[in-house]
Every structure is written in structure tokens, then in C-alpha cells.
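Taken in order, the sequence shown gives residues 3 to 198; the numbers are from the working numbering.
Even glycine gets a Cβ: it sits at the ideal position worked out from N, Cα and C.
Being a predicted model, the structure only gives us computed values, none of them experimental.
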Amino acid sequence: MSEVLRQIWKRLKQFKQYGYDLPASRKFLLKRAGINKGSILEVGTGKGHLAVEIAKNGMPITSVDSDSGQLSIARRHLKALKLDRSVTLVKMNAEKLRFKNRSFDTVVSIDFFHHAESPSRCLKEMIRVAQNTLVIADLNKRGERMMERVHQEENHHHPVTKIAFKGIRKHLQDNHFVVRVYKKNCHTYLIANRKD
Numbered sequence: 003m004s005e006v007l008r009q010i011w012k013r014l015k016q017f018k019q020y021g022y023d024l025p026a027s028r029k030f031l032l033k034r035a036g037i038n039k040g041s042i043l044e045v046g047t048g049k050g051h052l053a054v055e056i057a058k059n060g061m062p063i064t065s066v067d068s069d070s071g072q073l074s075i076a077r078r079h080l081k082a083l084k085l086d087r088s089v090t091l092v093k094m095n096a097e098k099l100r101f102k103n104r105s106f107d108t109v110v111s112i113d114f115f116h117h118a119e120s121p122s123r124c125l126k127e128m129i130r131v132a133q134n135t136l137v138i139a140d141l142n143k144r145g146e147r148m149m150e151r152v153h154q155e156e157n158h159h160h161p162v163t164k165i166a167f168k169g170i171r172k173h174l175q176d177n178h179f180v181v182r183v184y185k186k187n188c189h190t191y192l193i194a195n196r197k198d
């Protein structure tokens, strides 16, 4: 087993001890959103957890992140699981996505907004490039407390969300999306489908 996988599984086990089953969270989201075909853009690759779940289902995905270190970990994560050919990883700032309007059937972002410098600019860009569906999930207050405990054990701080889900939902509705909201354990999920 690769060292990257060993570290990732150790962290997943740690999360689960605090009540956060990360792989189950990703599977829940994919099922609820009905993500099973078409072009998919992930904003905020992180360590590649969502890309892994999507690639396991045989779907290609483009995933962007502005952090070279996270992309490197994600690349090794995907390669260790032999899923790297299904995922295109791109270093890109979510505030300025270099894609045409409505160029992806689905745009999805999990656990990214609390890391974003300007969540509202990222949201506008995600809306711009989404053809049909936009899925946003991030930590709720319980999830933020859990994440902070995990990071305190490693002597550092974890950021909290700078934008309220009510604001995200309203902005999506103002941009002609029908929004469903799901709340589960450590996350709030917004699944938005374009009306037009």
C-alpha cells in the first residue's frame, strides 16, 4: 500500500471516530444529485476523495484546485487506486474558471467553500459554467467543530465557512435554479437544477 493511501485512510478513520464517514458522505451526495452521466467539473479537488468516488462509477471528471500540494496528493491517491486515467486534474483558481459558459453538465464542490478566499466569486463562476446541475456541500456547525478537533490534534487550525448556505441558496434561486437542501450529520448539501 502506498504511503499516500496509508495517510488518507488514517485520516478517514480519524474522521469516522468523530462521526464523519467521508466516503459515505460522497456516495450520498452522488446518489441524491443523480450524478451518473455527462461532463462533470469538481471545484476544489483537495485530496481527491470525490474524484475517486466518481471515477469508481466509471465516469470521467475534470477536477480543479489552486493548491499544487493538494493536486499532487490527489494525483498519487488516484494513481494508487488505478483511477488516474478517468480524472483530469487542473491547477486553476475557482474565482476565474477558464471554461466556457455552461460547459459542464454538472458542477460539484464538496468541502471547498470554507477554504475559498472569495466564496461569492467562486459561486458565480460555478453557476456560469454549469449547464444543468450545481451541487454544493460543506461542513455545517457540527462538521466544523469535528474538523477543528481533528486539526487541533495536529496542532493547527481548520478554517470555517465564510458564506451562509441561505445566501448560497438564494443566489442559486435568483439565477434560475431549483434548489433542494439536505442536512446530514456533518454536512449541508445543496443540489440545484437549472430551470431553463
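What separation, rounded to the nearest whole angstrom, lies between the Cα atoms of residue i and residue j?
{"i": "Lys84", "j": "Lys58", "result": "10 Å"}
{"i": "Trp11", "j": "Gly36", "result": "27 Å"}
{"i": "Tyr191", "j": "Gln16", "result": "22 Å"}
{"i": "Val137", "j": "Asn177", "result": "14 Å"}
{"i": "Arg2", "j": "Phe179", "result": "Nothing can be reported for residue 2, as the shown portion of the chain is limited to 3 through 198."}
{"i": "Lys18", "j": "His158", "result": "20 Å"}
{"i": "Ala53", "j": "Ala82", "result": "13 Å"}
{"i": "His117", "j": "Phe106", "result": "23 Å"}
Using a Cβ-Cβ cutoff of less than 8 Å, which residues in the same chain neighbour residue i once the five nearest sequence positions on both sides are dropped?
{"i": "Ser68", "result": "Lys93, Met94, Asn95 and Ala96"}
{"i": "Gly145", "result": "Tyr22, Asn187, Cys188 and His189"}
For residue i, does the count of other Cβ atoms within 10 angstroms reach 16, so buried, or fall short, so exposed?
{"i": "Ala166", "result": "exposed"}
{"i": "His189", "result": "buried"}
{"i": "Lys49", "result": "buried"}
{"i": "Ser70", "result": "exposed"}
{"i": "Glu119", "result": "exposed"}
{"i": "His153", "result": "exposed"}
Among the options, which residue has its Cα nearest to the Cα of residue i?
{"i": "Val162", "options": "Lys186, Lys126, Arg182 and Phe115", "result": "Phe115"}
{"i": "Arg34", "options": "Asn187, Ala76, Arg182 and Val54", "result": "Arg182"}
{"i": "Ala26", "options": "Asn195, Lys186 and Arg196", "result": "Lys186"}
{"i": "Arg130", "options": "Ile63, Glu44, His160 and Lys102", "result": "Lys102"}
{"i": "Thr108", "options": "Gln9, Arg13, Ile42 and Arg8", "result": "Ile42"}
{"i": "Leu99", "options": "Arg123, Arg147 and Leu7", "result": "Arg123"}
Do residue j and residue i count as a contact pair if the criterion is CB distance below 9 Å?
{"i": "Leu31", "j": "Ile193", "result": "yes"}
{"i": "Glu5", "j": "Lys29", "result": "no"}
{"i": "Ile112", "j": "Ala132", "result": "no"}
{"i": "Met128", "j": "Val45", "result": "yes"}
Got a sec? Which residues, its chain only, sit under 7 Å from residue i by beta carbon, not counting five neighbours each side?
{"i": "Leu91", "result": "Thr47, Ser65, Leu73, Ala76 and Arg77"}
{"i": "His173", "result": "Leu125"}
{"i": "Pro13", "result": "Reading off the sequence, residue 13 comes out as Arg, not Pro. Taken in chain order, the list of residues that qualify is empty."}
{"i": "Gln175", "result": "Val181"}
{"i": "Asn195", "result": "Asn134, Thr135, Phe179 and Val180"}
{"i": "Leu141", "result": "Asp113, His116, Met149, Thr163, Cys188 and His189"}
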